[in-house]
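Reading through the structure tokens given below for one structure.
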Amino acid sequence: MTFAELFTEQTVLHDLKATTSDECFQEILNALVDSNRLAKKEVPRALEALRRREKLGSTGIGNGVAIPHVKLEGLQEMAVGLGIHRGGLDFRAIDGERVRIVFLVVRSAEDAGEHLRLLQWISRLGRNDDFRRFVAAAKSPAEMIGLLKELGSA
Amino acid sequence: MTVRREVRVVNRQGLHARPSTRLVEIANRYSSQISIHATGQTANAKSVISVLTLGVLPDTPVVVEADGADEAAAVEALCVEISRGFGLLDEER
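Just so you know, the protein sequences line up as chains A and B, in that order.
All letters in the first sequence, in the order written, are residues 1 to 154 by my numbering.
All letters in the second sequence, in the order written, are residues 155 to 247 by my numbering.
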């Protein structure tokens, strides 16, 4: 399985309405719940953990990309979502850029290698000029999935 | 002149997001050009997204290389922090 296959048209959002990073977490978590990737009862715990993680240091990794991510004890399966924000959100990213591309990861068991490979995969996409340009202009979730598969399969 | 030194990554999950961010914060204190070499790839030590593309696993050697006015100090500071897990080892337990 490739990491691109973790995403579905229900878990990618081409036009986030959030005005803060916190609202963006909620919006993507809601999409994960609506698509049955995350149990509704896990949302408060995930949200709290995401806030706590962000306080330790921004997950804005540069190039307008953020990877808010948390590990939840007892979770059965990893859930990932992707959201695009047209105007950009303030994540206090290390390079000072506003964040337009948000990969949100709620992971389960402690698997350092898998987590590291996912971060690596996301950062490679985030450094890919074509991916950033096209995903930020995507008009539908289907287009976003197409880009993830096309540019994220290497 | 360029200064290079090898050091081992000790963080339990390798160079994941937080250690990478710390690394970049330290690198940004120096004017030298600094790169990290690992797993046959090279990353810009002043960019988190670049360092994350290396996917450095725990207990893996990396080479820190700096070129510029403060190259020796930069390599020293980075190697010290990498070898102590950026002070994050307690939290990772």
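Where is the CB? At the ideal position from N, CA and C, for every residue including glycine.
Predicted model, so just to flag it, every value in this text is computed and none were measured.
In chain order, H115, L116 and L119 make up the part of chain A whose C-beta sits under 7 Å from the C-beta of H170 (chain B).
Nearest CB-CB separation between Q167 (chain B) and chain A: below the 8 Å threshold.
The alpha carbon of E246 (chain B) has as its nearest neighbour, out of A:K71, A:V80, A:A137 and A:A93, the alpha carbon of A:K71. For L82 (chain A), the closest of A:K149, A:V102, A:E73 and A:N63 by C-alpha to C-alpha distance is A:V102.
Residue pairing for V65 (chain A): DSSP places it in a beta bridge opposite A:G62 and A:I101. Judged by their CB atoms, V157 (chain B) and T214 (chain B) are not nearer to each other than the 8 Å cut-off. Look at A181 (chain B) here: in three-state DSSP terms it is helix. Bridge partners of K71 (chain A) according to DSSP: A:R107.
Annotated three-state conformation of N198 (chain B) is strand, per DSSP.
Comparing alpha carbon positions, the residue from A:F25, A:E27 and A:T59 closest to R92 (chain A) is A:T59. DSSP, reduced to helix, strand and coil, places P141 (chain A) within a helical segment of the structure shown. Neighbours of L56 (chain A) across chain B, judged by C-beta separation under 7 Å: R172. The CB of I203 (chain B) comes closer than 8 Å to the CB of I61, G62, N63, V65, S123, G126 and R127 in chain A, given here in chain order. Residue-level contact check: L206 (chain B) touches chain A, since one or more beta carbons of chain A fall below 8 Å from its beta carbon. Taking a C-beta cut-off of 7 Å against chain B, the contacting residues of the region 91-110 of chain A are I94, listed in chain order.
Neighbours of A112 (chain A) across chain B, judged by C-beta separation under 7 Å: R166, Q167, G168 and P212. Cα atoms of V218 (chain B) and I236 (chain B): separation of roughly 10 Å, rounded to the nearest angstrom.
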